[in-house]
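Take a look at the structure below.
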Amino acid sequence: MDTAPLLALAVGAVGVAALARRLGWQAPLLLVLVGFAVSFVPGVPQFAVDGDLLLAVVLPPLLYSASLEVSYADFRALLRPIVQLGVGLVVVTAVVVALVANAAVPGLGLPAALVLGAVVAPPDAVSAAAIGRQLGLPRPVMTVLSGESLINDAASLTFYKVALAAVFGAGGALLGLDAAATATTFGLAVVVGVALGLAIGFLVHLVRVRLDDPVVTSVLGVVVPFTAYLLAEELSGSGVLAVVAAGLYLGHRSPEAGYASRLQEHPLWSSLDLLLQAVVFALIGLQLRYVAEAAEASSRSNWSLAAAALLVLATAVVVRPVFVYAVEGLRRLPRPWRRRRSRSRRPSWRQQAVISWTGMRGVVTLAAAAAVPADFPDRDVLQLLAYAVTIGTLLLQGLSLPWLIRALDVTDPDQARRDAEAEVRLAERATAAALERVAEVEQELVERVGAERAHAVADRIRGPLLARARSMSASVRAEESEDGRRSRRRARTFHRVRQEIIQVQRRVLMEERDAGRLDEEVMRAVLQELDYEEAATAHSWVGRL
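Quick note on my numbering: the sequence shown kicks off at 50 and runs consecutively.
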């Protein structure tokens, strides 16, 4: 394919995504709608979508970047609800959707319907997590949503492979699947995927803690998800779980790596995520017209396909809340033999309502639908139904989720305050340990350079440490009084004025360079120092007031 259309696609998709982010709209939905509209413009080529390539190129970095941000401790604490949603709900959704699709689409066949069920089963929590983060969802809810999105792809893709084998193979037992073969395939995928991912994460961590080159470590990080995914798939494991295991391990051990690598890691993955997701949703929008035309050319009527699409969409939406509350109801049943456990980490019923409504489909559904083999029976019908579920859930659940969160008041307004107080406690402990080390160094310097110079050096180090600790403690623990409010207003004023001063300094640098009085390399060195200072100010607790 010519590279010009691909470049135009990438630039246009990023532009539409940027507009959606600026306006606060759902970027995936807008990208699909704009892509669908652009497909009718004369001269726009029909892009050939390789689903296997999408799964191998797009999915690993998206999963890896998400797993780097997930807390391993929180993930482990909420492992049971995460597995229930990420595995149990996926299987239930796939089976129920298959039964409905088999009844709604004459001649589709149960094995083919199971493929459709596996394709539409996994929700994509990226949009839900973005909305929840913006509206202040409690951290346990965010952990459940993020953790579910990390493992549900593995369950759905494994189920997808088994269902494909049932379509092209010799048939099977219940629901067209061989239960023993399914269990064996899934067990092998889990064991191989997790073991390989942890091994790769361990080896990469050993390398990066010994490297003092942030550029090389960043490149190494980019290679990790693709290596883990492809190697695991070659060994009959789950590439998704390999990527997730490597990401969780490396994210948990990231404080041991160099600071420069951590500074580069977040913006790198955020930019890559935006590009990949924008291109995928735009591609699907461009393909939607041709999929609809191909499905229309089949022997089925348009009305029957529309009715089937609505039924499958309704099923995919309804199964999730039914499953969530059924599992919660079973969990609350009295069982005398069960040891009593704390329920503080379990989401409340309002939080469960939000979780049950975060079923928007995304990249995995679109890529898996595109990856259906060309000789698959009723391939166009299956893709049309999958696209209908994706677009329908983005419209129905994606647009109404913010309203639901506000209506149920499922927010945690004190989370920022608790985080700040925890930050103060940590800073106090770290400051105390640092001051002890400063005292030790001071004693060592007394013998080498004399008491006066040693005290001067130690005071220069102690000053900023003590000032920052006092400032954070006073800001966080200020009572809700007029003095406290004045203190916060002064902090905001300081933050704003400091930002303006940095902008003035940056403008002087550019004026001196343009006038020929400052070398470019000197300008860039000073500019980098100003950038670090601005970043530190913007991300400090005072800057977040």
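We put the beta carbon where it would ideally sit given N, CA and C, even for glycine.
Given 7 angstroms as the limit, tell me if residue i has its C-beta closer than that to any heavy atom belonging to the ligand SAM.
i: T407; result: The ligand SAM is not among the ligands present in this structure, which contains no ligands whatsoever.
For the candidate residues the options, whose alpha-carbon lies nearest to that of residue i?
i: Y298; options: V412, G250, S310 and V292; result: G250
i: V193; options: P172, A57 and V487; result: P172
i: A57; options: F96, L78, S320 and W318; result: F96
i: W318; options: G300, L332 and E283; result: G300
i: V413; options: G565, D101, A500 and F89; result: D101
i: E342; options: S287, P316, E501 and V430; result: V430
i: R486; options: V239, P422 and I510; result: I510
i: P77; options: L415, A481, V106 and F89; result: L415
i: A356; options: D424, I404 and V438; result: V438
i: Y374; options: Q401, T364, A365 and V366; result: Q401
i: Q548; options: G246, E583 and A105; result: E583
i: R311; options: P110, D99 and E118; result: E118
i: Q446; options: A66, A69 and Q75; result: Q75
i: P109; options: T234, L157, V273 and A67; result: V273
i: L450; options: P316, A435 and T407; result: T407
i: L134; options: R502, I404 and D568; result: I404
i: R125; options: P189, Y581, D563 and P370; result: P189
i: L186; options: S397, L514, A435 and L260; result: S397
i: V149; options: R428, L359 and D468; result: L359
i: V371; options: L79, A67, G137 and L68; result: G137
i: L515; options: R478, E493, E501 and R502; result: R478
Quick one: residues in its chain with C-beta nearer than 7 angstroms to the C-beta of residue i, no 5 flanking neighbours on either side, listed in chain order?
i: L579; result: I551, Q554 and R555
i: V625; result: Since the first residue of the chain shown is 50 and the last is 594, residue 625 is not available in this structure.
i: R257; result: T266, L269, A306 and S310
So, at 6 angstroms on beta carbons, what are the nonlocal neighbours of residue i in its own chain, with the 5 sequence-adjacent residues on each side left out?
i: G288; result: Y278, A281 and E282
i: G220; result: Its pLDDT being 47, under 50, G220 is placed unreliably by the model, and the measurement read from it follows with that caveat. There are no such residues.
i: G61; result: none
i: E529; result: Low confidence applies here, because E529 scores a pLDDT of 46, under 50, leaving its location unreliable; read the following figure in that light. Counting only Cβ-Cβ distances below 6 angstroms, and skipping sequence neighbours, we find nothing.
i: F208; result: A143 and A167
i: A69; result: A76 and L79
Can you give the Cα-Cα distance for residue i and residue j, rounded to whole angstroms?
i: Q313; j: L55; result: 27 angstroms
i: L206; j: V293; result: 14 angstroms
i: G64; j: L323; result: 11 angstroms
i: R399; j: H504; result: 58 angstroms
i: V93; j: A86; result: 11 angstroms
i: R474; j: T480; result: 10 angstroms
i: V506; j: D461; result: 44 angstroms
i: L433; j: V264; result: 43 angstroms
i: P160; j: V216; result: 5 angstroms
i: A222; j: V239; result: Interpretation of A222 is limited by its pLDDT of 48, a score under 50 that renders its predicted location unreliable; no figure is taken from the coordinates.
i: A212; j: V140; result: 12 angstroms
i: R182; j: I454; result: 11 angstroms
i: A417; j: G378; result: 33 angstroms
i: A248; j: A295; result: 8 angstroms
i: V25; j: F330; result: No answer is possible for residue 25: the residues shown for the chain start at 50 and end at 594.
i: A327; j: V546; result: 36 angstroms
i: I180; j: M409; result: 12 angstroms
i: F89; j: L444; result: 22 angstroms
i: A423; j: V340; result: 13 angstroms
i: A626; j: F425; result: The structure shown does not extend to residue 626, since the chain is modelled only from 50 to 594, so the question has no answer here.
i: F235; j: L112; result: 19 angstroms
i: I440; j: V81; result: 8 angstroms
i: V271; j: H315; result: 12 angstroms
i: G73; j: D458; result: 20 angstroms
i: R497; j: L484; result: 20 angstroms
i: P155; j: P383; result: 44 angstroms
i: R302; j: D261; result: 16 angstroms
i: S393; j: L127; result: Below a pLDDT of 50, predicted positions are generally treated as unreliable, and S393, at 47, falls in that range; the measurement from the model is reported next regardless. If I take the Cα positions, the gap works out to 11 angstroms.
i: L184; j: V132; result: 25 angstroms
i: R27; j: V495; result: Lying before the first or after the last residue shown, residue 27 is absent from the chain, which here runs from 50 to 594.
Whose C-beta lies closer than 8 angstroms to the C-beta of residue i among residues of the same chain, with five residues either side of it excluded?
i: V146; result: A162, L165, G166, V169, A170, V361, T364, A365 and V368
i: L237; result: S285 and G286
i: A178; result: M191, L194, S195 and S198
i: L576; result: R555 and L558
i: L290; result: I200, A203, A238, V239, G242, V243, G246 and A281
i: D508; result: none
i: K210; result: T234
Do we get a CB-CB distance below 8 angstroms when we pair residue i with the residues of chain B?
i: G185; result: The structure shown contains no chain B; it is built from a single protein chain.
If we count Cβ pairs, one from each stretch, closer than 8 angstroms, do we get three or more for the region 572–580 versus the region 547–560? yes
Taking the runs of the beta strand (DSSP E) that are 3 residues or longer, which of them lie wholly in the region 155–183? none
Runs of beta strand (DSSP E) wholly within the region 101–139 (minimum 3 residues, chain order): none
List, from N- to C-terminal side, the alpha helix (DSSP H) runs of 4 residues or more that fit wholly inside the region 254–330. 263–283 and 288–301
For the region 435–483, list the alpha helix (DSSP H) runs that are entirely contained and at least 4 residues long, ordered along the chain. 448–457
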